[in-house]
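Trainee:
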Amino acid sequence: MAGNSTNVVSARAGMIVLDAKIDSVHRDRDFGRIEATVVLDVKRKGEAKRAVRLRTNVPSRGTASLRERLVADAAAMAAYFLEQDAKAPVDRVA
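Residue numbers are given in the working numbering: position 93 of the sequence shown equals residue 93, and the series is strictly consecutive.
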């Protein structure tokens, strides 16, 4: 399942999701969840566009569309990982 362009803004990391593709979708009936691989094209202020690939899962039932829930969950995880990456110390070679 591949989708069209999606604009999700994560205020926490100052991140904009330019595009989202959803692939390898599976339903876990035992736990009532949908699992998928989500590839996000994200842009943070002052940085180049980059692709982030995450495996995520959401409840099979919800008020928003399945695509919106998968992209929102992946965007939240990507924002967290990118925030941690930005905080990491940079090795400088003299």
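From the three backbone atoms N, C-alpha and C, an ideal C-beta is built for every residue, glycine too.
1. Roughly how many angstroms separate the alpha carbons of A51 and R67, rounded to a whole number?
2. Helix, strand or coil, according to DSSP, for D30 in the structure here?
3. So what does DSSP say about K87, is it helix, strand or coil?
4. Give the secondary structure of A51 by DSSP, where H, G and I count as helix, E and B as strand, and everything else as coil.
Mentor: According to the structure shown:
1. In this model, A51 and R67 are separated by some 18 Å (Cα to Cα).
2. coil
3. helix
4. strand
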